[in-house]
Amino acid sequence: FQSRPFSYKDPFELVFVEEILRDACNTFDLRLKVYEPIVDSSLNQISVAEDSEANRLVPIKDSLQEFEIQVKQSLKCLTNMLGNEEDLLNLLITEKAEAQQKGRKLDFGKHMK
């Protein structure tokens, strides 16, 4: 997930949220790239070995389940934030600052459904 060139006109909060999402996606992607060869190798070794060797998969299974929980929690957090108008309105840091500089109140109506 590559960075796009940002303009100084881009609101801070947009750049901030986008970079957090990019970092999370890159982190998850890197972890998947680490897990893939480990899982493949373990499965290949076990398929040619005895069934008693299957217990070697338990730590991998546990680690993958923990990773799954982290991904689901991240997705839930993002989904909750994007589904909460109040949270989204609180992200309008740049627009609030510009309105305050001009001595006006921010018109939240244009940002609501």
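Residues in the sequence shown are numbered consecutively from 2, following our numbering. Where a beta carbon is used, it is the ideal one built from N, C-alpha and C, also for glycine. Given the structure is predicted, the values throughout are model-derived calculations rather than measurements.
Requested in this report: Could you tell me the boundaries of the alpha helix (DSSP H) in which A100 lies?
Outcome: 94-102
Query raised in the report: DSSP three-state call for R105: helix, strand or coil?
Result: coil
Query raised in the report: K111: which of Q101, E99, L90 sits nearest, CA to CA?
Result: L90
Query raised in the report: Just the Cα atoms here: how many angstroms apart are I39 and D88?
Result: 40 Å
Query raised in the report: Is A55 closer than 8 Å to S47 when the C-beta atoms are compared?
Result: Ser is not the amino acid found at residue 47; the sequence shown has Ile there. Going by C-beta atoms, I47 is nearer than 8 Å to A55.
**Report entry** Euclidean distance between Cα positions of R32 and I94
**Finding:** Their Cα atoms are separated by approximately 33 Å.
Requested in this report: Could you round the C-beta distance between K97 and L83 to whole angstroms and report it? I think they count as a contact, below 8 Å.
Outcome: A Cβ-Cβ separation of about 19 Å leaves K97 out of contact with L83 under the 8 Å criterion.
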